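Peer 1: There's a structure below that I have some questions on.
Number of protein chains: 4
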Amino acid sequence: MTTSRLEAFSDGVIAIIVTIMVLELRAPAHPTWAARAKVGPVFLSYGLSFLVVAIMWVNHHHLVHAVHEVTARLLWSNLNLLFWMSVVPFVTDFLGKNYRQPMAVALYGLDLALCGFAFYLLRMELIRQNEGNMRMAEHHASVQRKNLLSVILYLLSLPLAYVSIYASFAIFVLIPAMYFLPEKKLLSMDEGNP
Amino acid sequence: MTTSRLEAFSDGVIAIIVTIMVLELRAPAHPTWAARAKVGPVFLSYGLSFLVVAIMWVNHHHLVHAVHEVTARLLWSNLNLLFWMSVVPFVTDFLGKNYRQPMAVALYGLDLALCGFAFYLLRMELIRQNEGNMRMAEHHASVQRKNLLSVILYLLSLPLAYVSIYASFAIFVLIPAMYFLPEKKLLSMDEGNP
Amino acid sequence: MTTSRLEAFSDGVIAIIVTIMVLELRAPAHPTWAARAKVGPVFLSYGLSFLVVAIMWVNHHHLVHAVHEVTARLLWSNLNLLFWMSVVPFVTDFLGKNYRQPMAVALYGLDLALCGFAFYLLRMELIRQNEGNMRMAEHHASVQRKNLLSVILYLLSLPLAYVSIYASFAIFVLIPAMYFLPEKKLLSMDEGNP
Amino acid sequence: MTTSRLEAFSDGVIAIIVTIMVLELRAPAHPTWAARAKVGPVFLSYGLSFLVVAIMWVNHHHLVHAVHEVTARLLWSNLNLLFWMSVVPFVTDFLGKNYRQPMAVALYGLDLALCGFAFYLLRMELIRQNEGNMRMAEHHASVQRKNLLSVILYLLSLPLAYVSIYASFAIFVLIPAMYFLPEKKLLSMDEGNP
């Protein structure tokens with residue numbers, strides 16, 4: 001299997017994930033202000049998940065670019081990541097409809113933590129492939145630390161949801177912001193050595 | 195990230211958007227004339243949105259063709275556009291089911307205005323990349339004026355919906371017509387300098 | 389726009405059409421024999437539409453292979469075809485749930501007639517492009533005749549549905565069979581001159 | 583038709599199949615423990631089907647790699663496989679909602695048996711193409727034996743479901759495990775002769 005095949009399939013799945021979430025946005029039967037108010041949180045949770053999945057897509061692209069050979073371990077690490085990403089539309093809908101319920105907030109945090117951990121495992125395999133390359137190793141180690149931090153923060157959002165859902169929401173907004181900002185650096189690096 | 199990757203992902207998302215809208219066309223349980231009459235507006239709104247998204251796809255293709263390098267700004271401008279495009283199936287369904295409600299008409303106009311504005315921002319970044327090229331600059335400036343006009347018209351459809359929904363519908367039909375006609379010119383231009 | 393881009397986008401849309409139809413197959417809440425009996429016609433209509441769309445995909449592939457340049461007319465003829473194909477999941481579900489209602493049968497026939505006519509228009513544009521090539525012209529003329537025959541038969545299924553739905557079903561089964569058989573000849577021809 | 587076109591279309595369909603299954607995971611209206619308990623089996627059946635379809639995707643990829651020419655027979659064998667794979671989301675949802683009903687368990691086993699048999703037919707065509715190649719013939723014969731075994735086991739799960747659903751579930755878990763383990767060997771072989 002070539003890297004481009006792996007990437008094309010992953011991209012297909014991610015494109016579908018990002019788009020089908022909108023199917024959960026059901027048009028209210030009677031467009032009153034109350035009905036619109038109910039659509040609000042569903043829409044916000046959709047927007048947040050769109051951003052999170054878009055960031056994952058960009059990161060996944062950079063990650064796959066560094067792949068030397070598609071081993072069985074890499075293939076299944078990738079499928080593991082796609083599985084947890086494919087659950088995002090479900091937890092997003094669940095959160096949008098029950099955004100005041102700690103369980104819905106915790107479930108959302110749990111799936112994103114599992115996505116983050118799947119990314120961690122996938123990159124572990126990548127690091128093994130790039131063992132000789134010192135410059136890349138340093139870069140990977142720095143990304144892994146950030147990845148681990150986001151997993152810990154997402155896991156923290158689980159118990160926090162039962163204390164205050166707003167604290168969990170703060171984490172959900174903080175992590176994309178954290179990933180969004182240094183994206184430029186990563187991208188320029190990618191351009192530097194294609 | 196290469197231009198072809200950006201285009202392939204965008205195309206995937208757009209292909210899904212254009213196709214999933216039909217899922218909102220629910221077959222009535224009892225196929226009476228009354229039930230068919232209810233499906234009518236939903237079908238018409240689907241047809242209109244299919245045309246609008248198809249035009250966006252063609253324009254997006256021409257736009258991406260002029261991209262020199264995929265900067266972070268371009269990447270996120272594109273994801274911003276895809277986000278507002280992904281909301282089209284929702285506002286389409288909302289319009290089809292409540293086509294006499296000003297709020298549904300206004301919401302449809304608002305999303306298309308946001309799509310148009312996202313196109314404007316994306317092209318702004320492109321213009322920055324093509325700064326030296328005088329011939330392209332002139333072409334882009336002309337497309338941007340037309341783009342801005344359509345955004346203003348779509349925004350106008352919001353207050354108009356509360357006066358007369360038919361005035362808003364006239365705008366919704368006018369803008370695709372406006373884009374549909376000069377398409378040939380654009381296409382021939384694209385063929386002239388590949 | 390290149391032929392491969394047109395084909396990739398069309399393939400994406402067709403792949404989604406063929407797959408989302410299964411979403412209409414709702415699992416009955418209580419798996420009794422009566423519930424299973426109700427799923428039966430929906431499943432059969434899904435199977436028939438899968439076959440019809442698969443044949444369209446194969447034919448579309450052969451057609452696009454003969455394209456010299458993607459003109460605006462060709463682009464919009466293709467989008468017109470994709471629109472009527474995207475309605476197939478809706479008419480399929482409608483037929484599966486109301487297979488004894490003449491209106492549902494007629495609507496199914498109407499959409500397939502419109503798909504066939506869209507194919508006819510698309511090939512008309514192609515014939516214009518291949519005007520000099522005598523060998524291709526003869527091949528196209530023969531395919532167009534068959535295409536026109538299938539459109540007429542599908543249109544015939546509309547009034548027939550109000551006489552006997554079984555006569556319409558016979559047409560729905562006959563046309564795929566008619567297309568399925570000479571497929572081998574077409575394919576071998578395609579292999580002969582790549 | 584080229585092998586890459588066949589593969590791209592198949593991949594598109596498989597990516598959609600694997601992702602739309604999650605749409606059946608409906609968020610409960612009231613997130614109580616009882617509601618969560620009901621989501622449990624649906625989620626487990628989704629996870630199992632994700633694994634099964636992922637294994638099919640990997641095997642399909644290896645299979646298509648050995649294709650010399652896309653004959654009509656190969657094309658339709660492949661479409662036959664995609665049809666039965668496209669039914670997986672339906673039987674998965676049916677199983678998840680009625681996991682204690684023998685009929686739901688049997689239907690799941692039946693569809694996977696039909697998928698396995700479609701793989702068998704597809705590889706039969708491939709073996710015909712590779713008739714001269716002794717080394718590949720041996721490899722194919724070994725894969726076919728394993729394929730046939732899994733079809734027989736899936737068929738066995740049908741009557742077993744009416745004796746004990748747990749025996750059928752054991753088969754459903756056993757077969758992916760059986761396929762999952764020797765994947766590495768296959769993959770390394772693929773790398774050995776690209």
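Chains A, B, C and D are the protein sequences, given in the same order. My numbering numbers the first residue of the first sequence as 1 and each following residue consecutively. My numbering numbers the first residue of the second sequence as 195 and each following residue consecutively. My numbering numbers the first residue of the third sequence as 389 and each following residue consecutively. My numbering numbers the first residue of the fourth sequence as 583 and each following residue consecutively. Glycine is no exception: its CB is placed at the ideal position from the N, C-alpha and C atoms. Remember, it's a predicted structure, so these values are computed and weren't measured experimentally.
1. So what does DSSP say about I598(D), is it helix, strand or coil?
2. Check each candidate in E7(A), L107(A) and V67(A) and name the one with the smallest Cα separation from I165(A).
3. Are any of the Cβ atoms in chain C nearer than 8 angstroms to that of G622(D)?
4. Compare the C-beta of G12(A) against all C-beta atoms of chain B and say whether one is closer than 8 angstroms.
5. Assuming S351(B) contacts F366(B) (C-beta within less than 8 angstroms), just tell me the rounded distance between them.
6. Straight-line CA distance for H449(C) to H527(C)?
7. With DSSP as the reference, label T286(B) as helix, strand or coil.
8. When DSSP labels each residue in this structure, what does N521(C) get in the three-state scheme?
9. Determine, using beta carbons only, whether L122(A) and N78(A) come nearer to each other than 8 angstroms.
10. Taking the CB atoms as reference points, tell me whether V646(D) and E589(D) lie closer together than 8 angstroms.
11. Inspect the CB distances between the region 407 to 415 of chain C and the region 671 to 678 of chain D and report whether three or more fall short of 8 angstroms.
12. Along chain C, in chain order, which residues have C-beta atoms closer than 9 angstroms to that of R587(D)?
13. DSSP three-state label for Y302(B), please.
14. Under three-state DSSP, which class holds S588(C)?
15. Find the nearest neighbour of V53(A) within the set F119(A), P159(A), L160(A) and L126(A), judged by alpha-carbon distance.
16. Of all the residues that make up the region 145 to 178 of chain A, which are near chain D by a beta-carbon distance shorter than 7 angstroms?
17. Closest to F83(A) by CA distance: which of F9(A), G132(A), H68(A) and Y46(A) is it?
18. Roughly how many whole angstroms lie between the Cα atoms of W445(C) and L514(C)?
19. Please classify T601(D) as buried or exposed, where buried requires at least 16 neighbouring CB atoms within 10 angstroms.
20. Quick one: is L756(D) buried, meaning 16 or more other Cβ sit within 10 Å of its Cβ, or exposed?
21. Should I540(C) be labelled buried (16 or more other beta-carbon atoms within 10 Å of its own) or exposed?
22. For V173(A), report the span of its alpha helix (DSSP H) as first-last.
23. Are the CB atoms of Y542(C) and A501(C) within a distance shorter than 8 angstroms?
24. Does the beta carbon of F313(B) sit closer than 8 angstroms to a beta carbon anywhere in chain C?
25. What does a CB cutoff of less than 8 angstroms around A525(C) pick up in its chain, not counting 5 residues either side in sequence?
26. Give the residues of chain B in contact with S465(C), contact being defined as C-beta atoms less than 9 angstroms apart.
27. List the residues of chain B whose Cβ lies closer than 8 angstroms to the Cβ of T19(A), in chain order.
28. What residues from chain D crowd round L23(A), counting only those whose CB sits closer than 9 angstroms?
29. What is the rounded straight-line gap between the Cα of P41(A) and the Cα of R100(A)?
30. Quick one: does H277(B) have its CB under 8 angstroms from some CB of chain A?
31. Does any C-beta atom of chain A lie closer than 8 angstroms to the C-beta of F284(B)?
32. On the three-state DSSP scale, how would you describe V427(C)?
33. Can you check whether the CB of S437(C) is closer than 8 angstroms to the CB of M473(C)?
Peer 2: Per the coordinate set shown:
1. Counting from one through the fourth sequence, the residue named residue 598(D) turns up at place 16. I598(D) carries a helical assignment under DSSP once its states are collapsed to helix, strand and coil.
2. Here residue 165(A) refers to the residue found at position 165 when the first sequence is read from its first residue. Comparing Cα positions, the closest option is L107(A).
3. For this step, residue 622(D) is matched to residue 40 along the fourth sequence. So, not an interface residue.
4. As a first step, residue 12(A) is located in the first sequence; it is residue number 12 there, counting from the start. Interface residue, yes.
5. Walking along the second sequence from the start, residue 351(B) turns up at place 157. Walking along the second sequence from the start, residue 366(B) turns up at place 172. Indeed they touch by this definition, with Cβ atoms about 7 angstroms apart.
6. Mapped onto the third sequence, residue 449(C) falls at position 61. Mapped onto the third sequence, residue 527(C) falls at position 139. So the two alpha carbons sit approximately 16 angstroms from each other.
7. Here residue 286(B) refers to the residue found at position 92 of the second sequence. Here T286(B) carries a helix assignment [DSSP, helix/strand/coil].
8. Position 133 of the third sequence, counted from the start, is the residue given in the question as residue 521(C). DSSP places N521(C) in coil when its eight states are reduced to three.
9. Here the question's residue 122(A) lines up with position 122 in the first sequence. Here the question's residue 78(A) lines up with position 78 in the first sequence. Between L122(A) and N78(A), the C-beta gap is smaller than 8 angstroms, which places the two residues in contact.
10. In the fourth sequence, the residue the question calls residue 646(D) occupies position 64. In the fourth sequence, the residue the question calls residue 589(D) occupies position 7. Cβ atoms of V646(D) and E589(D): closer than 8 angstroms.
11. Yes, since at least three Cβ pairs between the region 407 to 415 of chain C and the region 671 to 678 of chain D fall closer than 8 angstroms, the two stretches touch.
12. As a first step, residue 587(D) is located in the fourth sequence; it is residue number 5 there, counting from the start. By Cβ distance, chain C contributes E395, D399 and H449.
13. Along the second sequence, read from residue 1 onward, the residue named residue 302(B) stands at position 108. In the structure shown, Y302(B) adopts helical secondary structure according to DSSP, grouped into three states.
14. Any answer about residue 588(C) is impossible in this case: the structure gives chain C only from 389 up to 582.
15. Taking the first sequence and counting its residues from 1, the one referred to as residue 53(A) is at position 53. The shortest C-alpha separation from V53(A) is found at F119(A).
16. Answer set for the region 145 to 178 of chain A: empty.
17. Here residue 83(A) is taken as the residue at index 83 of the first sequence, counted from 1. From the listed residues F9(A), G132(A), H68(A) and Y46(A), the smallest Cα separation to F83(A) is found for F9(A).
18. The sequence position of residue 445(C) within the third sequence is 57, counting from 1. The sequence position of residue 514(C) within the third sequence is 126, counting from 1. Going by the C-alpha atoms only, they are around 17 angstroms apart.
19. The count along the fourth sequence starts at 1 and reaches residue 601(D) at position 19. T601(D) comes out buried.
20. Along the fourth sequence, read from residue 1 onward, the residue named residue 756(D) stands at position 174. Exposed: under 16 other Cβ atoms inside 10 Å.
21. As a first step, residue 540(C) is located in the third sequence; it is residue number 152 there, counting from the start. Under this definition I540(C) is an exposed residue.
22. Working through the first sequence from its first residue, we reach residue 173(A) at position 173. Element bounds for V173(A): I165 to F180.
23. Position 113 of the third sequence, counted from the first residue, corresponds to residue 501(C). Position 154 of the third sequence, counted from the first residue, corresponds to residue 542(C). Taking the C-beta atoms as reference points, Y542(C) is found nearer than 8 angstroms to A501(C).
24. The sequence position of residue 313(B) within the second sequence is 119, counting from 1. For F313(B), the answer is no, since every Cβ of chain C falls outside 8 angstroms of its Cβ.
25. In the third sequence, residue 525(C) corresponds to position 137, counting from 1. Once the five neighbours on either side are set aside, the close Cβ partners of A525(C) are I515, N518 and E519.
26. Taking the first residue of the third sequence as position 1, residue 465(C) is located at position 77. Simply none; closest approach about 12 angstroms.
27. Indexing the first sequence from 1 puts residue 19(A) at position 19. Per Cβ cutoff of 8 angstroms: V207, I210, I211, I214 and S280.
28. In the first sequence, residue 23(A) corresponds to position 23, counting from 1. Result: L605.
29. For the purposes of this step, residue 41(A) is taken as residue 41 along the first sequence, with counting starting at 1. For the purposes of this step, residue 100(A) is taken as residue 100 along the first sequence, with counting starting at 1. If you take the alpha carbons of P41(A) and R100(A), they lie about 10 angstroms apart.
30. Numbered from 1 along the second sequence, position 83 holds the residue referred to as residue 277(B). The identity of residue 277(B) in the sequence shown is Phe, whereas the question assumes His. Chain A contact via Cβ: present.
31. Position 90 of the second sequence holds residue 284(B). Closer than 8 angstroms: yes.
32. In the third sequence, residue 427(C) corresponds to position 39, counting from 1. Helix, per DSSP.
33. Counted from its first residue, the third sequence places residue 473(C) at position 85. Counted from its first residue, the third sequence places residue 437(C) at position 49. No, the pair does not count as a contact, with Cβ atoms beyond the cut-off.
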